[in-house]
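Protein chains in written order, with the UniProt record's numbering: chain A, 1 to 401; chain B, 1 to 401; chain C, 1 to 401; chain D, 1 to 401. All C-beta atoms in this analysis are idealised placements derived from N, C-alpha and C, irrespective of residue type, glycine included. To start, the structure itself, in structure tokens.
Number of protein chains: 4
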Amino acid sequence: MDYTYGPGRNHLFVPGPVNIPEPVIRAMNRNNEDYRSPAVPALTKTLLEDVKKIFKTTSGTPFLIPTTGTGAWESALTNTLSPGDRIVSFLIGQFSLLWIDQQQRLKFNVDVIESEWGQGANLDILASKLAMDKTHTIKAICIVHNETATGVTNNLAAVRKLLDEFSHPALFLVDGVSSICALDFRMDEWRVDVALTGSQKALSLPTGMGIVCASPKALDASKSAKSVRVFFDWNDYLKFYKLGTYWPYTPSIQLLYGLRAALDLIFEEGLDSVIARHNRLGKATRLAVEAWGLKNCTQKEEWFSDTVTAVIVPPYIDSAEIVRRAWKRYNLSLGLGLNKVAGKVFRIGHLGNLNELQLLACLSGVEMILKDVGYPVKLGSGVAAAAAYLQNTIPLIPSRI
Amino acid sequence: MDYTYGPGRNHLFVPGPVNIPEPVIRAMNRNNEDYRSPAVPALTKTLLEDVKKIFKTTSGTPFLIPTTGTGAWESALTNTLSPGDRIVSFLIGQFSLLWIDQQQRLKFNVDVIESEWGQGANLDILASKLAMDKTHTIKAICIVHNETATGVTNNLAAVRKLLDEFSHPALFLVDGVSSICALDFRMDEWRVDVALTGSQKALSLPTGMGIVCASPKALDASKSAKSVRVFFDWNDYLKFYKLGTYWPYTPSIQLLYGLRAALDLIFEEGLDSVIARHNRLGKATRLAVEAWGLKNCTQKEEWFSDTVTAVIVPPYIDSAEIVRRAWKRYNLSLGLGLNKVAGKVFRIGHLGNLNELQLLACLSGVEMILKDVGYPVKLGSGVAAAAAYLQNTIPLIPSRI
Amino acid sequence: MDYTYGPGRNHLFVPGPVNIPEPVIRAMNRNNEDYRSPAVPALTKTLLEDVKKIFKTTSGTPFLIPTTGTGAWESALTNTLSPGDRIVSFLIGQFSLLWIDQQQRLKFNVDVIESEWGQGANLDILASKLAMDKTHTIKAICIVHNETATGVTNNLAAVRKLLDEFSHPALFLVDGVSSICALDFRMDEWRVDVALTGSQKALSLPTGMGIVCASPKALDASKSAKSVRVFFDWNDYLKFYKLGTYWPYTPSIQLLYGLRAALDLIFEEGLDSVIARHNRLGKATRLAVEAWGLKNCTQKEEWFSDTVTAVIVPPYIDSAEIVRRAWKRYNLSLGLGLNKVAGKVFRIGHLGNLNELQLLACLSGVEMILKDVGYPVKLGSGVAAAAAYLQNTIPLIPSRI
Amino acid sequence: MDYTYGPGRNHLFVPGPVNIPEPVIRAMNRNNEDYRSPAVPALTKTLLEDVKKIFKTTSGTPFLIPTTGTGAWESALTNTLSPGDRIVSFLIGQFSLLWIDQQQRLKFNVDVIESEWGQGANLDILASKLAMDKTHTIKAICIVHNETATGVTNNLAAVRKLLDEFSHPALFLVDGVSSICALDFRMDEWRVDVALTGSQKALSLPTGMGIVCASPKALDASKSAKSVRVFFDWNDYLKFYKLGTYWPYTPSIQLLYGLRAALDLIFEEGLDSVIARHNRLGKATRLAVEAWGLKNCTQKEEWFSDTVTAVIVPPYIDSAEIVRRAWKRYNLSLGLGLNKVAGKVFRIGHLGNLNELQLLACLSGVEMILKDVGYPVKLGSGVAAAAAYLQNTIPLIPSRI
């Protein structure tokens, strides 16, 4: 079954799915259960309460949907919008592109604001669109918080600020797939209307749970939204929430217990410490890239992502070969360049339950691979740059002081 | 976390989710992996090939969708039909009701053929509808193979026979959620166009994978079907099948390995032996019910289900109290009566990776509970009736001869 | 690897190793750890404190030795006695025989008090030996609390009473392998000097930990005992206890976490509730045996064991065939008859993390097997007798009320 | 339970217990089984046959004893020797010291050949002792193949050569605890009489199985050896080997399946590839130590160990502080300096199921810690030196080519 076995651990540095911590693997190592017994609703109740914390919301209503991020997107859109609705959506990389594709196929009228890959959302254009939209034809702004393909983090506070400036009532829908639980995300403060993530990203669970959180305004919208939906319909969930049985259909028992364990670990570390750790990992990676003499796909510091770094390779190298070699020789899993940047970048995912020495293993591996493929890197240079920063910043592990 | 702990094993006899065998639990006890490495497509390829065997199809195309049975339903409908399409659907219990509800909400024109709960699909009415439908306004027949709420198995061969008799081209869509891998199901022979099941049923996996299989005719239909869909769109899968990377979005690594192990166990036992085992379990249960002097919710033998038995309790007993007591006192999980039969029946699920002695534990528990709640059962009577049958029919375990 | 796979759960009714509860399997599902980090001593400290409770001792000193019950025996003997020491030992079945064999090979002067297999320790002979032993040549009394081969429980309180009556200073060494955590055992009250058990018995862990508890008097004896020992030497443990690092050599990290989980479950249920549960299981089994018209190998009620029942088969039946058939046809694991009772008895182990419905599965299986092998049992008779008793006595599960 | 949780994986670099690979963790994730069923002997048979391969023996007889390395030592000695027997034993570090302590306490007449810690066995003295021993009073030579405290590998071929030169019939007993499955070990070629290891070392299992292999000559010796033993007695095993039931007492079911998986992984990689990998890991570590300007505790290249490196710290640094800091800040587990080298060295274990990037994570961590404690290391220097070597030597993973 494991016919691609290699000795030692796989070094998993794709930007999802990410490493699952042992306590979570343990929590999920279990038989099925009757989800209609009193035990599962009692567990679910704690999950719905606690999962709000990772969105930094008290007023939001979360949904734990047996789906992926793609399904979570669909849930966000179809519950709040009607076919033909005008939405503004930012195209800055492969995942925003896929979301836009979904938006179009779901029959929304998508007003795309495109940026060069490697840049963040163009908020100037948004501003002008909002300014012109006196009649509020724009029903929603859709934005990917962190574009996983290019390692670009968008400024959500700035989006909110613009909406407020123009007193625009558009819904604010955010893909937080590679940000929530890793980057600073403030649903209530930024008045995000729908935020969503997938279990296999910074929560460090297996794939299979789309986590969607809706503001009261989004819930209101769901009452009149005309998009056809059943599986993704929030109202079915809400009906069962009221009954106290919570599930309109069968959840994964294992993922529920896994989520409980994952949240417990995050709260034990402290969400802000988790975010600070991701910042350390991101900075360390960027310092290594710089030391190698390579360029970050992200064009400006303001967009640097703390969860994924897309590294541009010299034109004489095929970045896919780096990824293949990483896997074949070093048991290291890196992310491919996608679509427009295929062959041009490889990606280092540094999110989820990950510590600094794990990252340094990856960076040391990348150095060797760069040399393998003919790039004249100085071995140790990236690790040294990263370590110099990390050695000054890694905190003691609180439980071990 | 396990705050409803009781000593010993939970006896899980709800009709899903069902017991996961140890080898499957083991196979899923793993970290995440990069689903874009060569390993996952190689695994997926074997799964897509082998999963067809449980549908008894060679011409079908399977989809392993990260969803539940409800999502699998939606996938079957939206990929093959367009809003407004007339479909004939049988209402015989809670799950067929829920599917019909979905069909209506997805904007199909649902022509419902209702039976009394406890009866199978009324094929006479189907026949007359087909007879009258000279212009082929009926685009699909939707039928639940095994209605989990009442323990009724419908005769799919007879449905196919009717369609053929009238040379009717309607698509034949089958919910096999509580049948496939347990009851005799023959996709190719019966020319079923879409069949579907959920991982947590007879496959004995955790919840989270909707397994849908489409005939060539269904695939054809998907090219012109106008129902809006993205997450559930087969065409996205087909595109990635062609690329050999298989996944339009992230699958659950754990469920893929789990499915591999589950299929291996089923093939080791032999699919026909698995079906024969379910037949033994079903018959044994029905003999026990008879011995207790209780009535099966299923009104005729031709509809008896080998995967779930709904037992009617005397009017002076609340069947929900039986289920509560089972859990509270005996660590036994039984199924509640749903909707029209709430309070009137309790259900014994006997599907999945389950052997005869496990069933006898359940039956002995039910006897004690019946006595607990005031029904004058003779303790041991049901077990004796079941055992008399089983002792004559259980085969030796082939690997142990 | 699992080349004797059979569908469904194995019904494990040998008197050890017994079923491991899921929370314990989970707790052990982990990588190795540095046992010299602060974490392992901190864990060990809680274990040493809490494991005393299962011996009902506050003054005893426990040792968690990486060994089996046989090693725990050796530890008890070699730490407290010197070669040539006279010890009185009761031979009542295969396990007491094996212990006596060990005692002899360890060069003690073993004064064996033999009983017919099926009877308990002959305390009259002990009394006369004690009476005659004015000079206290007897250094220790060795007794198996529960003889696993015949299902005979000895009366330890009576042994203590005799020792007191004669004011005899002999050490009181008890094999509690199939009793501790299942039968009433009171180390302090009965002034047992060394008691021991194995992890795979009523504690419901994997094999691999011999748990030995020594009274202050036994610890004193260990200072002068001349038996050669190193691996089993308590003094090496005591040295490391003082240092606070606890381990003279590497423990199994997995078993330590497993023991923590096992103790937590036992304390959650309540040790006295655990013992009461075993009493229910024992009585139910004996009622079934009686209903089948078979005889218990244990000759008198006072010796009935609540953890294992040895059932005598009619002379025309080979009990080994029952055990073989149980495994081959019913996925049921029963205990063989050993040595003098080989072919004559089969054994039902009913200890550890086990509930009543699990037992009834076993009993229903035994009934079918008895019929298979030609014994004219009335199917359901044993289950009915057991259930009649159990239905009156099973308590509600406290966490579910 | 995991009250010293830190984010990400623990980097486990003590020289045992070592990392358990996922397939082995999975194989052990199981309930108990009846070890007297046909399944366990069938499994055991394959294990006994295959475990001989890791000793490179065809004539040896292996014993899988539920114990630790300390117990395996005791098994080797007591089965082959009688109290008072003269044995020659080399003292070169803490583990040879502990073995000698055991030898003395087991009442052998131990002729100790001591070397400075950091040096290998002094074979010149052995030669002179053998030369003088015309009457063959020396019954055994006891040697630790790899002294885990100092990282010194002894030359076993040279020992055999000396014995042959003097035609000396002494038994050749080898502690292979931190060598077998990692260093080149040739039982048959070197005519080793007893070799042993522990499951938690290079086999990468949990602690709990002492694996002892006896030559025909050692088995012969066991017939006349007068040392008192029962638990460790090979003859009890041999009796059950003949019966085909294999086990004189209960084995750990989990460790048996774990050993099966561990051997499968080793054979898949190829034992010689495993040894070559350890050589790479050892050399890379030594190159890093050199680059840091630190000294290896091992004084000459001929003794360099490929499984553990003991690094001497400058006199102004307490090596225990390095180990504490590694754990507290970097989630890195290093080995303490023991006894004579306490405070003076820290140890990096690089054995078992471990790959090169894992090692580089450790080395990068050590660099940061060295800086933390005031040693003026150049960050990245050790990693660079190691990587320069590794990048030239790591082979492709055969299953992924």
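Which residues in chain C sit within 7 angstroms of B/Met368, going by Cβ to Cβ distance?
Ala387, Leu390, Gln391
Verify whether the separation of the beta carbon atoms of B/Ile322 and B/Gly374 is less than 8 angstroms.
no
From the DSSP output, in three-state form, read off A/Lys134 for me.
coil
Chain-ordered neighbours of C/Ile25 on chain A, where CB pairs are closer than 8 angstroms
Asn29
Does any residue of chain B have a CB that is nearer than 8 angstroms to the CB of A/Asn79?
no
C/Glu22 versus chain A: which residues are under 7 angstroms apart at the beta carbon?
Arg30, Asn31
For C/Ser399, go through chain B and note every residue whose CB falls closer than 8 angstroms to its CB, in chain order.
Tyr3, Thr4, Tyr5, Gly6
Between the beta-carbon of A/Asn331 and the beta-carbon of A/Gly16, is there less than 8 angstroms?
no
Near A/Ile275, which residues of its chain fall below 6 angstroms by C-beta distance, leaving aside the five closest residues on each side in sequence?
Asp184
Buried or exposed: where does D/Asn392 fall if 16 or more other Cβ atoms within 10 Å of its Cβ makes it buried?
exposed
Evaluate C/His136 with the Cβ neighbour count: other Cβ atoms within 10 Å of its Cβ, from every protein chain shown; 16 or more gives buried, anything less gives exposed.
exposed
So which residues on chain B does C/Trp327 lean against when the C-beta distance must stay under 7 angstroms?
Within chain B, the residues near C/Trp327 are Arg400.
Would B/Asp183 count as contacting chain C if we go by Cβ distances under 8 angstroms?
It should be noted that the sequence gives Leu, not Asp, for residue 183 of chain B. Not closer than 8 angstroms to any Cβ of chain C, the Cβ of B/Leu183 fails to qualify, so no.
At the level of alpha carbons, what is the spacing between C/Arg347 and C/Gly365?
13 angstroms
Using a Cβ distance threshold of 8 angstroms, determine whether the region 98-113 of chain A contacts the region 202-217 of chain A, with at least three qualifying pairs required.
no
Specify the secondary structure class of B/Thr153 as computed by DSSP and reduced to three states.
strand
Below 8 angstroms between beta carbons is the criterion; list the residues of the region 332-357 of chain B that meet it against any residue of chain C, in chain order.
Leu332, Asn353, Leu354, Asn355, Glu356, Leu357
Please confirm if B/Ile253 has its CB atom under 8 angstroms from at least one CB of chain A.
Yes - at least one Cβ of chain A is within 8 angstroms of the one on B/Ile253.
Do B/Leu12 and A/Asp34 count as a contact pair if the criterion is CB distance below 8 angstroms?
yes
Would you kindly check if the distance between the Cβ of B/Val345 and the Cβ of B/Gly337 is under 8 angstroms?
A contact, by the Cβ cut-off of 8 angstroms.
Taking only beta-carbon positions, decide if D/Thr197 is within less than 8 angstroms of chain C.
no
Cβ atoms of A/Val192 and A/Phe166: under 8 angstroms apart, would you say?
no
Does any C-beta atom of chain A lie closer than 8 angstroms to the C-beta of B/Pro38?
yes
Going along chain D in order, which residues have a C-beta closer than 7 angstroms to the C-beta of C/Leu171?
Here the premise fails: no neighbours, minimum Cβ distance about 19 angstroms.
Can you tell me which of A/Glu268, A/Val40, A/Ile141, A/Glu189 puts its alpha carbon nearest to the alpha carbon of A/Arg400?
A/Glu268
I need the boundaries of the alpha helix (DSSP H) containing D/Asn29, first residue and last residue.
Careful: D/Asn29 lies outside any alpha helix (DSSP H) and carries neither H nor E.
Cα-Cα separation between D/Lys239 and C/Lys371, rounded to whole angstroms:
35 angstroms
Under 8 angstroms between C-beta atoms, does D/Arg105 make it to chain C?
So yes, D/Arg105 belongs to the interface.
With DSSP run on the structure shown, which of helix, strand or coil describes D/Glu147?
Here D/Glu147 sits in strand by DSSP.
Please confirm if C/Val177 has its CB atom under 8 angstroms from at least one CB of chain B.
no
Who does C/Thr309 pair with in a DSSP beta bridge?
According to DSSP, which records beta bridges pairwise, C/Thr309 is partnered with C/Ile348.
Inter-residue CB distance, D/Gly258 and D/Val24 (contact presumed, cutoff 8 angstroms)
5 angstroms
So D/Asp233 is in the alpha helix (DSSP H); what residue range does that whole segment cover?
It is not in any alpha helix (DSSP H) - D/Asp233 carries neither H nor E in the DSSP assignment.
Can you tell me which of C/Glu116, C/Val177, C/His168 puts its alpha carbon nearest to the alpha carbon of C/Ile143?
C/Val177
Simplified DSSP state of C/Gln119, which is helix, strand or coil:
strand
With 16 other Cβ atoms within 10 Å as the buried cut-off, status of D/Asp124
exposed
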